[in-house]
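Residue numbers (UniProt numbering): 1 to 345.
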């Protein structure tokens with residue numbers, strides 16, 4: 001698991017310029033999924049890693065450096081203010097900003113402007129699917145926008161999601177799988193609150209996650225497999241080591257990782273694919289390789305950090321050394337301030 005995480009972050013670090021924002025990021029015709037989405041996912045994963053792993057861990061240092069790079073790409077928050085003024089009712093700027101805010105990287109002028117818009121009926125009535133709306137509610141809280149929603153709205157929204165309805169387990173498919181992982185991410189503050197799941201959801205996932213993990217691993221759906229491994233690490237039953245199904249999933253993920261550290265979203269890594277001249281590897285360009293690998297590679301690092309952090313916290317709890325709720329307690333000088341599927345999908 002740690003080897004996978006080191007390889008993944010090494011690949012991300014080597015390709016960090018591919019996460020950089022360009023002129024398209026502020027263009028009305030720009031594609032959010034090619035600009036803000038990758039950068040926001042990089043920020044979210046690195047923010048979690050710096051909270052779940054101790055400062056002495058090399059993974060923590062790599063994640064912190066990447067997080068600083070991502071924050072610089074936003075002009076230390078200034079670009080969020082420009083985005084908010086250009087698209088006042090778009091939720092993705094706040095969703096991406098919330099990832100930085102959770103790591104203590106804040107822009108007060110943006111938060112003030114976003115809060116003004118969030119108090120309008122237009123913002124509160126924006127039509128979204130339940131999983132996305134739950135993510136926006138979490139982003140509001142993390143982004144410093146409080147008191148604009150009626151009490152209990154998050155619980156009401158939760159019960160409208162696929163996972164919140166406790167559906168028949170055989171109805172699981174890729175779309176519902178991604179929806180359920182993001183519900184868990186939102187409820188557990190992206191893997192940092194070990195007891196964020198309601199008991200009925202935790203029991204349901206404890207029972208049905210193992211066959212879903214096995215199914216996705218057999219289908220070589222590595223991106224979803226890694227997201228489900230995060231869910232496994234967030235369950236109350238998760239102890240000092242992954243269960244047998246999770247261990248098998250990690251073995252499969254490790255086998256899918258290429259020598260440079262990248263993990264494809266689906267299927268074999270580039271060096272295992274056929275179709276090129278003489279039956280060799282099929283040729284793809286750097287942009288294509290990045291697009292098909294960056295998210296699953298980030299998710300592998302994310303899953304490893306949450307799993308390792310949970311195990312460390314469990315051992316510390318038993319030893320009475322001060323970690324609680326799956327969160328590493330860093331010295332005061334290194335602590336960050338505590339701050340869908342959607343913009344961060």
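Using N, Cα and C, we set each Cβ at its ideal position, and we do this for glycine too.
Small disclaimer: the values here were computed from a predicted structure and weren't measured.
{"Asked": "Answer with buried or exposed for residue 7, where buried requires no fewer than 16 other C-beta atoms within 10 angstroms of its C-beta.", "Found": "buried"}
{"Asked": "Could you tell me the distance, in whole angstroms, from the CA atom of residue 206 to the CA atom of residue 232?", "Found": "8 Å"}
{"Asked": "When DSSP labels each residue in this structure, what does residue 86 get in the three-state scheme?", "Found": "helix"}
{"Asked": "Between which two residues does the alpha helix (DSSP H) containing residue 250 stretch?", "Found": "244-256"}
{"Asked": "Taking the Cβ atom as the reference point for each residue, do residue 136 and residue 95 lie within a distance shorter than 8 Å?", "Found": "yes"}
{"Asked": "Taking DSSP as the reference, what is the three-state secondary structure of residue 190?", "Found": "coil"}
{"Asked": "Tell me, to the nearest whole angstrom, how far the beta carbon of residue 130 is from that of residue 157; I am working on the premise that it is less than 8 Å.", "Found": "5 Å"}
{"Asked": "Do residue 84 and residue 113 come within 8 Å of each other at the CB atom, strictly closer than that value?", "Found": "yes"}
{"Asked": "Mark residue 89 as exposed unless 16 or more other C-beta atoms lie within 10 angstroms of its C-beta, in which case mark it buried.", "Found": "exposed"}
{"Asked": "Roughly how many angstroms lie between the CA atoms of residue 104 and residue 81, to the nearest whole one?", "Found": "17 Å"}
{"Asked": "Under 8 Å Cβ to Cβ from residue 26, same chain only, skipping five residues before and after it: list those, please.", "Found": "79, 82, 83 and 86"}
{"Asked": "Could you check what DSSP says for residue 162 in three-state terms: helix, strand or coil?", "Found": "coil"}
{"Asked": "Work out the CA separation of residue 1 and residue 265 for me, nearest whole Å.", "Found": "18 Å"}
{"Asked": "Among the candidates 11, 37 and 267, whose CA atom is the shortest distance from the CA of residue 218?", "Found": "267"}
{"Asked": "For residue 214 and residue 67, I'd like the C-alpha separation in whole angstroms.", "Found": "32 Å"}
{"Asked": "Between the C-alpha atoms of residue 123 and residue 117, what's the straight-line distance to the nearest angstrom?", "Found": "7 Å"}
{"Asked": "Would you kindly work out how many angstroms separate the C-alpha atoms of residue 127 and residue 147, rounded to a whole number?", "Found": "20 Å"}
{"Asked": "Figure out for me which residue from 39, 50 and 92 has the closest Cα to the Cα of residue 71.", "Found": "39"}
{"Asked": "Output the distance between the C-alpha atoms of residue 46 and residue 186, rounded to the nearest integer angstrom.", "Found": "16 Å"}
{"Asked": "Count the C-beta pairs between the stretch 251-262 and the stretch 174-185 that are closer than 8 Å, then say yes if the count reaches three, no if not.", "Found": "no"}
{"Asked": "Measuring alpha carbon to alpha carbon, tell me which residue in 44, 34 and 14 is nearest residue 299.", "Found": "44"}
{"Asked": "Would you list, in sequence order, the uninterrupted beta strand (DSSP E) runs of no fewer than 3 residues that lie entirely inside the stretch 127-152?", "Found": "none"}
{"Asked": "Tell me whether residue 315 sits in a helix, a strand or coil according to DSSP, three-state version.", "Found": "helix"}
{"Asked": "Counting C-beta neighbours from all protein chains within 10 Å, is the total for residue 22 16 or more, i.e. buried, or is it exposed?", "Found": "exposed"}
{"Asked": "Report the rounded CA-to-CA distance for residue 210 versus residue 93, giving the unit in angstroms.", "Found": "35 Å"}
{"Asked": "Exposed or buried, residue 4, counting other C-beta atoms within 10 Å across all chains shown (16 or more means buried)?", "Found": "buried"}
{"Asked": "Compute the Euclidean distance between the alpha carbons of residue 63 and residue 110, then round it to the nearest angstrom.", "Found": "25 Å"}
{"Asked": "Measuring alpha carbon to alpha carbon, tell me which residue in 246, 177, 151 and 295 is nearest residue 19.", "Found": "295"}
{"Asked": "Do residue 181 and residue 384 count as a contact pair if the criterion is CB distance below 8 Å?", "Found": "Nothing can be reported for residue 384: it is not among the residues displayed for the chain, which extend from 1 to 345."}
{"Asked": "Tell me where the alpha helix (DSSP H) around residue 49 begins and ends.", "Found": "36-52"}
{"Asked": "Label residue 244 either buried or exposed according to how many other C-beta atoms from any shown protein chain fall within 10 Å of its C-beta, with 16 as the threshold for buried.", "Found": "exposed"}
{"Asked": "What would DSSP say about residue 237, mapped onto helix, strand or coil?", "Found": "coil"}
{"Asked": "Within its chain, find whatever has a CB closer than 6 Å to the CB of residue 227; leave out the 5 residues flanking it on each side and keep chain order.", "Found": "181 and 299"}
{"Asked": "With the cut-off set at 8 Å, would you say residue 48 and residue 302 are in Cβ contact?", "Found": "yes"}
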